[in-house]
Each structure stands twice: as structure tokens, then as C-alpha cells.
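Peer 1:
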Amino acid sequence: MSKKNVLTRSKKIKVEELLNRNQLAEACTLCNQVCQIDRTDTDAWILLGLIERKLGHFTEAEQAARRALTLRPNFAPAIQLLGTALQCQNHFQEAINCYRNALELQPNVAETHYLLGNALREIGAYVDAAASYARAIELQPDYLAALSNCGAVLLAMGNRDQAAIYLHRANELQPGLPQVLCNLALLRQAQGDYDEAKAYCRDAQHRDPNFLDAIAMLGDLYEKSSQHDEAKAWVKRGLEIDPDSLSLNMTAARLDRHDGRSDEAIARLEHLRTKTHEEAQQDILLLLGQLYDKKKDAARAFFCLTEGNRLKAKAMLADVEESEHYLKHIETLRQRFRTDHPETWQPFADDDFTDNPIFLFGFPRSGTTLLEQILDSHPRLQAIPEKPTIAAVEQALQGRQLSALTLDDVRKLRKVYFDTAARYVQRDPNRVYVDKQPLNTVEVQLIWRLFPNAKCILAIRHPCDATFSCFMQNFVINNAMSTFFTLEKTAEAYAGVMSLWREYIAVLPVNYHRLRYEDLVADQAGETRRLLDFLGLEWNENVLRQDAHARTRNISTPSYHQVTQPIYQDAKYRWKRYEEYMAPVLPVLQPYIDYFGYGGS
């Protein structure tokens, strides 16, 4: 053994002991001595880099990693260390390159896959991040942090069922970890249970009073629940810990918007953009687009919306074809209808079929959430807000032709419907369900087959406004919402949905009432009275106080900040400010502009 090794061996053992006792400053001093005694000791430089990173000395950690790589150029642990040091300095793409280089040398290191997933998540590359976490879990099934983060990413991608599996596995492995609790809160929020989401966050924050994720989530949850004073208190507390927090500043900007402080919100977000990696700016840009729209600055709004949607599509879609899935689904339903001889269908007669929900549908951003709040304010009606009731029936149908259904089949499928509804809403026997799901428009063939006596409400809005409004929203992504990243695909989806609707009503005697958003906001009392007459219900003054009613409910759609305010008319014919940008899609929408009577507007 060389003299240098004799001198450094015991010191390195002592460094490890200090590190295990979390005496980082002492460990750093001693490890520096080791590196000076033997400047060719690669392991000592890596150890020093790890300690410097734990101390928050990220530049020094990077220098130590680079020194180790000078001594041993293709050493995977040193490359991984360099990646972590770069990531801590927000150099995400360089960090990603390091992790990938390390994996080329050692492909089966779970920690490296996990770190790669974290870096990809930071730039919004959720599809790739989920794949990296999944590989880490495959290599190490009890990898708690990978399970938790994979669940969070899948949730961001709209894959709630798979996310739940990972998150519950993580919580079973080690119950009560603050990060896992916060991710479970995200799951409960996505499922519409804001109270339980808040409880998870408060538990996490109680365990770690300065845990920023819990504080930020509480601010977000209270803001979305229209409890603005509580939201502001949590945001203030969080920003004192981290003034540059993306999530806290986003919530603060939404609170500014609610208070009519659009200029302050814009200034906050523009400043935040300068501190946020370009690939992770999608949420900032989409909110900026909405704020610039409110100020009637169409050029800036359209730029922000286009760029935000581009980044979101890049992050959320594995490939371009994913944006075609919903359009293909529409065509599948169209072919099923055309080949199933719907003109021969007869409604089933059964004494048990008196329990019929009211179905509220149309196209997203056509006033369905506003109508849901108005109707739920009526003492005889009970809303089911965007729950997978018909989707559960479709799954139970297992691809069978609707023409082949027997009376017994229909009874069983109706039971699936009501059992699914009961999972989300505690039934009031004195109230009629209002099943609000905008895109159930494409499921009218199934709805009519099971509920031929049901009353339906078709909510419509100027096709250009509905299209542009979908383009400007920051939706949780699913197959349908993935078509809204461009105006062209959004218009194509609108045409697909409404052309299928026209085919349905040309054959099926659907009992429906058509209500235009523009008429509703111009004359809420008159339009609501006509709607209640159609539903066979008496007038009730509560239906004019839907904004107060909405503030008592947790609304998960992008309309939540609008329907909790009195009705306003700012959004009517918004599309005209963007007419030059809408020009390429007008030929696609024109048939429906004419069909719904908007030709003169």
C-alpha cells in the first residue's frame, strides 16, 4: 500500500462516519484534506462531490465531479454525480445527457433511471419521465421515491387509475411520508375530493411544517375551492420559503386575476418565465395567454397560447398520433351507428324504467358548467359533474351491437349506470340526476338505447368561440382533450362531434332542448324558465343565484373561476378578436355556424 493510501484510508473511513451522522461540514473539511493529500483519488473526489451537493454547494459539487471524470473519464458514478450537480443548478438538459451517458455504461442502475425521470419531469417531458421511473421500479420494486414520483407524473398525464396503483404502493411501503401524502392529495383532487386532498396536505405539512409541496398544494386547493383568504395565507407562507416557486406563483397569479389585478398577475408570470426552464413554461404561458386575452391583447395572447400548447403537447404526447385517438373514436362510433340499423330500434317498455336522468352535453366550453350550477341550485335536481357514468356502461357493453340488446341486457346496463353514479354522488331520492358530461354528445346512441324517455339538454355556443376557448384552456389531458393543442385539431373535433350529433337526431327521436350560451348570459331568467318548463319543473329563485351555489362546491373544470362569479358577457364572440388566426379553420366550422343559426354573428 502506498504512503498516500495509508494516509487517506483512515481519513476516508472517518469521512463516511461523519456523513452517516449528517455532520456534513466536518465531513467536507476532512474530505477536502483527503483530496489534497492524493489528488488522483477518484473515489475521494466523488465523495467530496456528494457532500458538497448535500451542503447545497452545487458549483463545488460540479467541480469535484469534473475532477473525478478527468481522472477516470468513463466512470458512471462520476457522470451521475455531475448530472445531479447540474440538475441542482437547473441545467436540466445537461443533466439528462449525463444520466443517459451513465446508463449507456451501466444500464441497470435503478437510481440513475430515477434521477433521469426527475430531470425529465422538470422539463415537462412526462411520457419519458414515466418510462424512466417505471424502469427504476422494474429494477427495484420497492423504490419508494420512484413509485411516488411515477404516480405523480401519471396523474399529470391524466392516467388516474395507474397513478393510484403506484401511489398506494408507495404509501404501503412507508406510510406517512410527506411527499407521498402530497401525491395522494393530487390523486384525490383529480378525483374531485378536495376535502380529503386538503387533509392529506395538512397531514404532510404537520409532519414537516416547511414542506413546500404541501404548502403550495394547500394554496392551490383553497384557491380552487373559492376560499381565497385561506389560499392567500398559504401562498404568502410558501413564498417566504421559496419566492421563485412555480406552483405558488401560479396560484398567486390566479388570485390576482380573481381580484381584478391582471397587470400584477402578468408581471408576476413574466418574471417567473425568466427563472423557469423553457420546456417547463407550459402552464405559465397558458395562464399568460388567458390574462392577455382579458386585456384584449390578441397578438400576445395567441402567441402565449400557441407556445404553451406546443410545449404541453410535447410533454404529454408520446407521438403525434395520440392527438388522433379521439377523432378515431368518433369515427368508430359513427360506423357502429350506421351499421347497426338504428332505424329499426324500438324503445324498451318496462315499468322499472321510470328513473331517468337528465343528460346535459354539447361541446366543452359551451356553458355546460354554468348550466350544471344553475340546475343543481334547483331543489328538485342533483348534478353529477363529469363522472364516467356512460363510460362505465360503454365498458360493460364490451363492444356488443346496440341492436342486439335484450330487455334483460338493458336492465343490467342501467344498473351499471346507477351503481357508477352512486360512487360519486350520494343520491337524494327527491331529486333527479343531471348527468353533465360535455362530450357525451357522441354517446347519444347508447344513452337513447338505455334511456329512451330521458330528457337531454344540448348546450351550444358559437362554434368559433367554443373552438377557441378549448384551445386556450389548460385541461387535464385525456384522449379528447389531447385534440385541443392546435386550433386545427380542435375544429376537427368540433366538426366530428356535431356531425355525429346530427346523424343521431336524424334517426333517433331524442327528446332534447337546445340552449345557446349567448342567449343564457343575455337573459338568464328567461332561458332558465324555458329550460325548466321543458324539464317539467316549477320555477325556483335559487336558479338565479348559481354563483353563490357554485362557491359551496368543488368544481374541477377550467370554468371554476368563472361560474363562482355573477354571469358576465365578456366571452361572447371572443373569437372575433382572433379572426385572422381562426381563418384557416373557418371552412371546417362554417357548416355548424350555419346549422346552429350563427350565420349573422
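In the working numbering, the protein residues as written are 4 to 604.
Even glycine gets a Cβ: it sits at the ideal position worked out from N, Cα and C.
Give, in chain order, every unbroken run of the beta strand (DSSP E) that is at least 3 residues long and sits entirely within the segment 350-433.
Peer 2: 361-364, 384-388
Peer 1: Out of Tyr436, Met160, Phe478, Ile140, point me to the one whose CA is closest to alanine 173's CA.
Peer 2: By one-based count along the sequence shown, residue 173 stands at place 170. Nearest of Tyr436, Met160, Phe478, Ile140 to alanine 173, Cα basis: Ile140.
Peer 1: Terminal residues of the continuous alpha helix (DSSP H) containing histidine 465?
Peer 2: Locating residue 465 in the sequence shown gives position 462, where the first residue counts as 1. Careful: histidine 465 lies outside any alpha helix (DSSP H) and carries neither H nor E.
Peer 1: Mapping the DSSP letters down to three states, classify asparagine 213 as helix, strand or coil.
Peer 2: For this step, residue 213 is matched to residue 210 along the sequence shown. Coil at asparagine 213, not helix or strand.
Peer 1: On the DSSP bridge assignment, give the partners of histidine 516 in chain order.
Peer 2: Along the sequence shown, one-based indexing puts residue 516 at 513. Paired residue(s): Ile460.
Peer 1: Would you mind stating whether isoleucine 287 and glycine 263 have Cβ atoms separated by less than 9 Å?
Peer 2: Residue numbering aside, residue 287 sits at position 284 when the sequence shown is read from its first letter. Residue numbering aside, residue 263 sits at position 260 when the sequence shown is read from its first letter. No, Cβ-Cβ distance for isoleucine 287 and glycine 263 is not below 9 Å.
Peer 1: Checking contacts by CB at 9 Å: is tyrosine 197 closer than that to chain C?
Peer 2: Absence of chain C from the displayed structure is noted, only one protein chain being present.
Peer 1: Are the beta-carbon atoms belonging to leucine 314 and threonine 279 less than 9 Å from one another?
Peer 2: Taking the first residue of the sequence shown as position 1, residue 314 is located at position 311. Taking the first residue of the sequence shown as position 1, residue 279 is located at position 276. It is not a contact, given that the beta carbons lie outside the stated cut-off.
Peer 1: Tell me whether serine 13 is buried or exposed, calling it buried when 16 or more other Cβ atoms sit within 10 Å of its Cβ.
Peer 2: Looking up residue 13 in the sequence shown gives position 10. By the neighbour-count rule (16 or more Cβ atoms within 10 Å), serine 13 is not buried but exposed.
Peer 1: CB lysine 17 to CB alanine 47, shorter than 9 Å?
Peer 2: Within the sequence shown, residue 17 is the residue found at index 14, counting from 1. Within the sequence shown, residue 47 is the residue found at index 44, counting from 1. No, the Cβ-Cβ distance between lysine 17 and alanine 47 is not below 9 Å.
Peer 1: Tell me whether valine 479 sits in a helix, a strand or coil according to DSSP, three-state version.
Peer 2: Here residue 479 corresponds to residue number 476 of the sequence shown, with the count starting at 1. DSSP places valine 479 in coil when its eight states are reduced to three.
Peer 1: Out of curiosity, what's the CA-to-CA distance linking asparagine 121 and asparagine 186?
Peer 2: Taking the sequence shown and counting its residues from 1, the one referred to as residue 121 is at position 118. Taking the sequence shown and counting its residues from 1, the one referred to as residue 186 is at position 183. Taking the straight line joining both Cα atoms gives about 15 Å.
Peer 1: Tell me the DSSP secondary structure of lysine 317 in three-state form.
Peer 2: As a position in the sequence shown, residue 317 is number 314, starting the count at 1. Note: lysine 317 maps to helix in three-state DSSP.
Peer 1: Look at the alpha carbon of glutamine 476 and the alpha carbon of phenylalanine 488, and state the distance between them as a whole number of angstroms.
Peer 2: Locating residue 476 in the sequence shown gives position 473, counting from the first residue. Locating residue 488 in the sequence shown gives position 485, counting from the first residue. In a straight line, the C-alpha of glutamine 476 is about 9 Å away from that of phenylalanine 488.
Peer 1: Go ahead and pull the three-state DSSP assignment for aspartate 438.
Peer 2: Walking along the sequence shown from the start, residue 438 turns up at place 435. For aspartate 438, the three-state secondary structure derived from DSSP is strand.
Peer 1: Taking the alpha carbon of valine 37 as the reference point, which residue from Leu242, Ala98, Leu51 has its own alpha carbon closest?
Peer 2: The count along the sequence shown starts at 1 and reaches residue 37 at position 34. Among Leu242, Ala98, Leu51, the Cα nearest to that of valine 37 is on Leu51.
Peer 1: Return the chain-ordered list of same chain residues with a C-beta closer than 6 Å to the C-beta of alanine 395, the five sequence neighbours on each side being excluded.
Peer 2: Mapped onto the sequence shown, residue 395 falls at position 392. Counting only Cβ-Cβ distances below 6 Å, and skipping sequence neighbours, we find Val419, Thr423.
Peer 1: Run through DSSP, which three-state label would valine 588 get?
Peer 2: The sequence position of residue 588 within the sequence shown is 585, counting from 1. In this structure, valine 588 counts as helix in the three-state DSSP scheme.
Peer 1: With distances taken Cα to Cα, identify the nearest neighbour of alanine 148 among Asp259, Ala113, Val500.
Peer 2: Taking the first residue of the sequence shown as position 1, residue 148 is located at position 145. Out of Asp259, Ala113, Val500, the CA that lies nearest to the CA of alanine 148 is found in Ala113.
Peer 1: With a CB to CB cut of under 6 Å and the five nearest residues on each side skipped, what residues in its chain are close to arginine 163?
Peer 2: For the purposes of this step, residue 163 is taken as residue 160 along the sequence shown, with counting starting at 1. Cβ within range, chain order: Ala193.
Peer 1: Helix or strand or just coil, what does DSSP make of threonine 87?
Peer 2: Position 84 of the sequence shown, counted from the first residue, corresponds to residue 87. In this structure, threonine 87 counts as helix in the three-state DSSP scheme.
Peer 1: In whole angstroms, what separates the C-alpha of alanine 30 from that of leucine 74?
Peer 2: Within the sequence shown, the letter at position 27 stands for residue 30. Within the sequence shown, the letter at position 71 stands for residue 74. Distance between the alpha carbons of alanine 30 and leucine 74: 22 Å.
Peer 1: Would you kindly work out how many angstroms separate the C-alpha atoms of valine 510 and glutamine 448, rounded to a whole number?
Peer 2: In the sequence shown, counting from the first residue as 1, residue 510 sits at position 507. In the sequence shown, counting from the first residue as 1, residue 448 sits at position 445. In a straight line, the C-alpha of valine 510 is about 10 Å away from that of glutamine 448.
Peer 1: First and last residue of the alpha helix (DSSP H) that includes serine 135?
Peer 2: For the purposes of this step, residue 135 is taken as residue 132 along the sequence shown, with counting starting at 1. That run of the alpha helix (DSSP H) goes 129-142.
Peer 1: Whose C-beta lies closer than 7 Å to the C-beta of arginine 70 among residues of the same chain, with five residues either side of it excluded?
Peer 2: Taking the first residue of the sequence shown as position 1, residue 70 is located at position 67. The residues are Trp48.
Peer 1: Taking Cβ positions, are leucine 363 and glutamine 440 nearer each other than 9 Å?
Peer 2: Counting from 1 along the sequence shown, the entry for residue 363 is found at position 360. Counting from 1 along the sequence shown, the entry for residue 440 is found at position 437. Contact flag set, yes.
Peer 1: Give the secondary structure of glutamate 327 by DSSP, where H, G and I count as helix, E and B as strand, and everything else as coil.
Peer 2: The residue given as residue 327 occupies position 324 in the sequence shown. Glutamate 327 falls in the helix class under three-state DSSP.
Peer 1: With 16 other CB atoms within 10 Å as the buried threshold, where does serine 5 fall?
Peer 2: Taking the sequence shown and counting its residues from 1, one reaches residue 5 at position 2. Because the pLDDT at serine 5 is just 48, under 50, the model does not fix this residue reliably, and the value given afterwards should be weighed accordingly. By the 10 Å Cβ count, serine 5 comes out exposed.
Peer 1: Just mark arginine 452 as buried or exposed, buried being the case when its beta carbon has 16 or more other beta carbons within 10 Å.
Peer 2: Along the sequence shown, read from residue 1 onward, the residue named residue 452 stands at position 449. Counting Cβ neighbours within 10 Å, arginine 452 comes out buried, since at least 16 surround it.
Peer 1: What first and last residue would you give for the alpha helix (DSSP H) that runs through lysine 57?
Peer 2: In the sequence shown, counting from the first residue as 1, residue 57 sits at position 54. Taken as a continuous stretch (DSSP letters only), the alpha helix (DSSP H) holding lysine 57 covers 45-57.
Peer 1: Measure the C-alpha to C-alpha separation of threonine 43 and threonine 11 and round it to an integer number of angstroms.
Peer 2: On the sequence shown, position 40 is the one that residue 43 refers to. On the sequence shown, position 8 is the one that residue 11 refers to. When rounded, the distance between both Cα atoms is 12 Å.
Peer 1: On the premise that leucine 142 lies in contact with asparagine 111, defined as a C-beta separation below 8 Å, what is that separation, rounded to the nearest angstrom?
Peer 2: Position 108 of the sequence shown, counted from the start, is the residue given in the question as residue 111. Position 139 of the sequence shown, counted from the start, is the residue given in the question as residue 142. Confirmed, Cβ separation roughly 6 Å.
Peer 1: Considering histidine 94, what are the terminal residues of the alpha helix (DSSP H) in which it resides?
Peer 2: The residue you call residue 94 lines up with position 91 of the sequence shown. Element bounds for histidine 94: n/a, residue is neither H nor E.
Peer 1: Have a look at Cys204, Glu199, Ala81 and flag the residue whose alpha-carbon is nearest the alpha-carbon of leucine 180.
Peer 2: One-based indexing of the sequence shown puts residue 180 at position 177. Minimum Cα distance to leucine 180 is reached at Cys204.
Peer 1: Indicate whether aspartate 411 and arginine 403 have their beta-carbon atoms separated by less than 9 Å.
Peer 2: As a working note, residue 411 is residue 408 in the sequence shown. As a working note, residue 403 is residue 400 in the sequence shown. For the pair aspartate 411 and arginine 403, the CB atoms are not nearer than the 9 Å cut-off.
Peer 1: Determine the DSSP secondary structure at arginine 271, reduced to helix, strand or coil.
Peer 2: Indexing the sequence shown from 1 puts residue 271 at position 268. Residue state, collapsed to three classes: helix.
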